[in-house]
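A.B. asks: Structure below; questions to follow.
Chains as they are written, first to last, in the UniProt record's numbering: chain A, 1 to 281; chain B, 1 to 125.
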């Protein structure tokens, strides 16, 4: 059981460290995610865990708490539509407006265990015509170093590789390694993973042609969402695209973006021209 | 209603698969070995076949080879569903005409996705 005062402390701690909003009805979530951590560090109860975090005596435990609470399910080609839109109209529009020498930069802002960046890499490896020979740099960031380690290793269990991937993709882009399926080096080489907190300044990341920030804004309160989106708009090329998750929106939160018609979850700069992508046939 | 033939010598697997497939709106037939499965296909070709690899008399590969050797036998979508989870087995099944591959154990989500992937279920967006 978590005492109300401790719950309030955990909520404040998580908001401050990661921006995560823990509403009053998330006792179950907090308990289910943190009980394994209590066992791992031999901490007797939540009251003691709160004391440890307050005293700042064990930064490794503080980091583990943030990681345990911010790690979420990830699937290859999750929701399918964003990847289809990327192939059908977003990448062609970006390429049409860029020289052959331009390096296309794509940011997966909540890369988690790597399925999203690997899905993009797989799509580009399968259809090199999408980028017309341009170099592509995929940056995958996440607040959790534990999930990034998994992403870098590119190792997945059989349940993970059976969701979203065709058998042909499995055979082409993975090798069996014991009980695991490991992404081939060709795809790994296309992605750079960096530990990064979305509450920190984005300046060092550079400018991107496409930003995927999916299924992470839902964990933030409105002012934090607005701040992240406004800062993202400054990292996005004037004709670039932002893709949000199915349950997320920029409408009414940040006026730097407007939705791209006929492309669910895709946003462009408010001042981007109406003809930014070719009309869908 | 689309039909699916579940071919597996394990009655437990057949029962689990039947439950999932019926929930997804399929009419399900069962066979406990490859030979009766081929006889059932000769009588009425199903839309999908969920096919186990190892069976006591006629195994899944033999079923697939015989099935795909006839014109009518090229129409069903064949999803191999086995515990043989290495690349060689998967590649062999695909080369003989399997449309998809499910590694046991599996869950309802995986089976649903594979049926979507072979075009027998509408996509849930």
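Idealized CB from N, CA, C, for every residue including glycine. Here the structure is a predicted model, which means the values were calculated and not measured.
(1) By alpha-carbon positions, which one of 164/A, 135/A and 23/A ends up nearest to residue 7/A?
(2) Does residue 90/B get closer than 8 angstroms to chain A when you measure Cβ to Cβ?
(3) Are the CB atoms of residue 26/B and residue 51/B nearer to each other than 8 angstroms?
(4) Please classify residue 281/A as buried or exposed, where buried requires at least 16 other C-beta atoms within 10 Å of its C-beta.
(5) Assign residue 243/A to buried or exposed, taking buried as 16 or more other Cβ atoms, counted over all protein chains shown, within 10 Å of its Cβ.
(6) Use the C-beta contact count for residue 86/A: other C-beta atoms within 10 angstroms, 16 or more gives buried, fewer gives exposed.
(7) Should residue 89/A go down as buried or exposed, given a rule of 16 or more other Cβ atoms within 10 Å for buried?
(8) Contact criterion: CB-CB distance below 8 angstroms. Does residue 188/A meet it with respect to chain B?
(9) Any beta-carbon of chain A closer than 8 angstroms to the one on residue 117/B?
(10) Would you mind sorting residue 88/B into buried or exposed? The rule is 16 or more other CB atoms within 10 Å of its CB.
(11) Just tell me which of 238/A, 131/A and 231/A has its CA closest to the CA of residue 92/A.
(12) My output table needs one value for residue 238/A: the three-state DSSP class, helix, strand or coil.
(13) How about residue 60/A and residue 52/A: do their beta carbons lie closer than 8 angstroms?
(14) If you measure beta-carbon to beta-carbon, which residues of the segment 153-167 of chain A are closer than 8 angstroms to chain C?
(15) Under 8 angstroms between the Cβ atoms of residue 34/A and residue 14/A?
(16) Quick one: using the 10 Å Cβ neighbour count with 16 as the cut-off for buried, is residue 222/A buried or exposed?
(17) Check each residue of the segment 214-245 of chain A: if its Cβ is closer than 9 angstroms to any Cβ of chain B, include it; give the result in chain order.
(18) Near residue 122/A, which residues of its chain fall below 7 angstroms by C-beta distance, leaving aside the five closest residues on each side in sequence?
(19) Using a Cβ cut-off of 8 angstroms, pull out every chain A residue sitting near residue 113/B, in sequence order please.
(20) Does residue 86/B come within less than 8 angstroms of chain A when only Cβ atoms are used?
(21) Looking only at its own chain, which residues have a Cβ that is under 6 angstroms from the Cβ of residue 215/A, when we skip the five neighbours before and after it?
(22) In whole angstroms, give me the CA-to-CA distance for residue 73/B and residue 190/A.
(23) When you compare only the Cα positions, how much space is there between residue 144/A and residue 66/A?
(24) Would you identify the three-state DSSP class for residue 13/A, choosing helix, strand or coil?
(25) Give me the Cα-Cα distance between residue 104/A and residue 251/A, rounded to the nearest whole angstrom.
(26) Can you confirm whether residue 171/A, when its beta carbon is compared against all beta carbons of chain B, has any partner nearer than 8 angstroms?
(27) Taking only three categories from DSSP, how would you classify residue 269/A?
(28) Across which residues does DSSP place residue 77/B in a beta bridge pair?
(29) Checking contacts by CB at 8 angstroms: is residue 109/B closer than that to chain A?
(30) From residue 38/A to residue 20/A, what distance separates their C-alpha atoms?
(31) Taking DSSP's pairing of strands, which residues face residue 259/A in a bridge?
(32) Assuming the contact rule is C-beta atoms closer than 8 angstroms, residue 269/A and residue 236/A should be a hit. Round their C-beta distance to whole Å, please.
(33) Which first and last residues belong to the alpha helix (DSSP H) in which residue 39/B is found?
(34) Reducing DSSP to helix, strand and coil, say where residue 254/A ends up.
(35) Quick one: does residue 176/A have its CB under 8 angstroms from some CB of chain B?
(36) Below 8 angstroms CB to CB, which residues in the same chain sit around residue 100/A once its five sequence neighbours on both sides are set aside?
C.D. replies: Taking the coordinates as given:
(1) 23/A
(2) yes
(3) no
(4) The predicted position of residue 281/A is uncertain, since its pLDDT is 44 and thus under 50; a value taken from the coordinates is nonetheless stated next. It is exposed - the Cβ of residue 281/A has fewer than 16 other Cβ atoms within 10 Å.
(5) buried
(6) buried
(7) buried
(8) no
(9) yes
(10) exposed
(11) 131/A
(12) strand
(13) no
(14) Chain labels in this structure do not include chain C; the protein chains are A and B.
(15) no
(16) exposed
(17) none
(18) 169, 173 and 187
(19) 162, 163 and 164
(20) yes
(21) 245
(22) 41 angstroms
(23) 8 angstroms
(24) helix
(25) 27 angstroms
(26) yes
(27) strand
(28) 48/B
(29) yes
(30) 20 angstroms
(31) 267/A
(32) 7 angstroms
(33) 34-43
(34) coil
(35) yes
(36) 132, 133 and 134
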